[in-house]
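Novice: Residue numbers (the numbering used here): 102 to 382. Using N, Cα and C, we set each Cβ at its ideal position, and we do this for glycine too.
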Ligand code: AMP
């Protein structure tokens, strides 16, 4: 396991691996790895000869009053976890390496980035698509692995790759949860023990929605209201949004039909959490 900090060295390694006929799997992350991340590394390892994990807390995807400064970091632990999961390289550039003085180039997907998290975090997805684009140029992977924990991010990246004719296969991977249902997130470490308990209401509300749909309820409004009511049981949880959308275009729907994304975001204490389920109906 090697940690690479420069773009030049990373590109050189990829070039020589590809010259040997090796396939490259890539897992972009912001670090402070957990089993959600390592599951992506394991998927990547199954399908590729070498796996690169990037660890870069990307400043351009954080708003001014967001948690860039308190985003958790622990490179030593990340190195151990990546290696255990089967990665060969960590790409860990500095901010100056990725965005040198005078940097002015951005990549933006319009439309679907205005919805859900994009509505509450203006500029967030522009930061995501810009950094993912740069990382794809540097690592030039055959396949890149993204978690459906960030379902909108998957939709945005898939659209960017399709519309910019990029030669990379995007592989969406399932959400990994704690035993009690909380979706794993690097941000969970910033929850107080009481808030950690309150946060369980998020996955519980989604499980309730799932049960309603499985019982035959197709009324999106009713399901949305049931989620709202369930979350209202926890006064420490402030909902940002609860949306039921068609996963192909992220448009809100009235009737549960096709591939449906039920997504929510909420603040628990100072920590913004997201969770979702995808239902096929
Ligand atoms: P992050 O470090 O939060 O930017 O996440 C890096 C990648 O890991 C993204 O593709 C996330 O969707 C994915 N990821 C984060 N949490 C989970 C989880 N609980 N289950 C599956 N994938 C996840």
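(1) As a quick exercise: from 330, 276 and 193, pick the residue whose alpha carbon is nearest that of residue 130.
(2) Label residue 122 either buried or exposed according to how many other C-beta atoms from any shown protein chain fall within 10 Å of its C-beta, with 16 as the threshold for buried.
(3) So is the beta-carbon of residue 247 under 6 angstroms away from any non-hydrogen atom of the ligand AMP?
(4) Quick check on this structure: which residue in 136, 239, 103 and 118 has the alpha carbon closest to the alpha carbon of residue 280?
(5) Have a look at residue 231 and residue 254 and give me their C-alpha separation to the nearest angstrom.
(6) When every heavy atom of the ligand AMP is checked, does at least one fall within less than 6 angstroms of the C-beta of residue 281?
(7) Kindly list the residues whose CB is nearer than 8 angstroms to the CB of residue 323, restricted to its own chain and excluding five residues on each side of it in sequence; keep chain order.
(8) Do you know offhand how far residue 238's Cα is from residue 126's?
(9) Taking 6 angstroms as the cut-off, is the C-beta of residue 138 nearer than that to any heavy atom in the ligand AMP?
(10) Buried or exposed, going by whether 16 or more other CB atoms sit within 10 Å of the CB of residue 258?
(11) If you draw a straight line from the C-alpha of residue 338 to the C-alpha of residue 305, how long is it?
(12) I'd like to check one pair, residue 343 with residue 365: are the Cβ atoms closer than 7 angstroms?
(13) Does the Cβ of residue 251 lie closer than 6 angstroms to at least one heavy atom of the ligand AMP?
(14) Is the closest heavy atom of the ligand ZN to the C-beta of residue 182 under 6 angstroms?
(15) Answer yes or no: do residue 145 and residue 128 have a C-beta to C-beta separation smaller than 7 angstroms?
(16) If you draw a straight line from the C-alpha of residue 188 to the C-alpha of residue 227, how long is it?
(17) Just tell me which of 236, 310, 356 and 195 has its CA closest to the CA of residue 208.
(18) For residue 359, count neighbouring C-beta atoms within 10 Å of its own C-beta (all shown protein chains included) and say buried if the count is 16 or more, exposed if not.
(19) Could you tell me whether the Cβ atoms of residue 140 and residue 361 are closer together than 7 angstroms?
(20) Does the region 348 to 359 come within contact of the region 213 to 221, defined as at least 3 CB pairs closer than 8 angstroms?
(21) Heavy atom of the ligand AMP less than 6 angstroms from the Cβ of residue 379, yes or no?
(22) Use the C-beta contact count for residue 247: other C-beta atoms within 10 angstroms, 16 or more gives buried, fewer gives exposed.
(23) Between 327, 133 and 115, which lies nearest to residue 309 when the distance is taken from Cα to Cα?
(24) Can you tell me where the alpha helix (DSSP H) holding residue 226 begins and where it ends?
(25) Bridge partners for residue 378 per DSSP, in chain order?
(26) Run the proximity test for residue 277: is its beta-carbon closer than 6 angstroms to any non-hydrogen atom belonging to the ligand AMP?
(27) Are the CB atoms of residue 102 and residue 198 within a distance shorter than 7 angstroms?
Specialist: In terms of the structure at hand:
(1) A check of alpha carbon separations from residue 130 across 330, 276 and 193 identifies 193 as the nearest.
(2) So residue 122 ends up on the exposed side.
(3) Residue 247: yes, Cβ under 6 angstroms from the ligand AMP.
(4) Minimum Cα distance to residue 280 is reached at 136.
(5) Cα to Cα, the separation comes out at about 12 angstroms.
(6) Flag unset: Cβ of residue 281 not near the ligand AMP.
(7) Once the five neighbours on either side are set aside, the close Cβ partners of residue 323 are 313.
(8) So the alpha carbons of these two residues sit roughly 14 angstroms apart.
(9) Residue 138 has its Cβ nearer than 6 angstroms to a heavy atom of the ligand AMP.
(10) Buried.
(11) Computed Cα separation, rounded: 13 angstroms.
(12) The answer is yes: Cβ separation under 7 angstroms.
(13) At least one heavy atom of the ligand AMP is nearer than 6 angstroms to the Cβ of residue 251, so yes.
(14) Summarising the ligand content, the structure contains the ligand AMP and does not contain the ligand ZN.
(15) Yes, the Cβ-Cβ distance between residue 145 and residue 128 is below 7 angstroms.
(16) As the crow flies, the alpha-carbon of residue 188 is around 28 angstroms from that of residue 227.
(17) Closest option to residue 208, Cα to Cα, is 236.
(18) Exposed.
(19) Cβ atoms of residue 140 and residue 361: not closer than 7 angstroms.
(20) The count of Cβ pairs closer than 8 angstroms, one atom from the region 348 to 359 and one from the region 213 to 221, reaches three, so the stretches are in contact.
(21) Not so, every heavy atom of the ligand AMP lies at least 6 angstroms from the Cβ.
(22) Here residue 247 is buried. Its C-beta has 16 or more other C-beta atoms within 10 Å.
(23) For the options 327, 133 and 115, the alpha carbon positioned closest to that of residue 309 is the one of 327.
(24) Here the alpha helix (DSSP H) through residue 226 covers 225 to 240.
(25) Residue 378 pairs with 363.
(26) Because some heavy atom of the ligand AMP lies under 6 angstroms away, the Cβ of residue 277 counts as near it: yes.
(27) Not in contact: residue 198 and residue 102 (Cβ atoms no closer than 7 angstroms).
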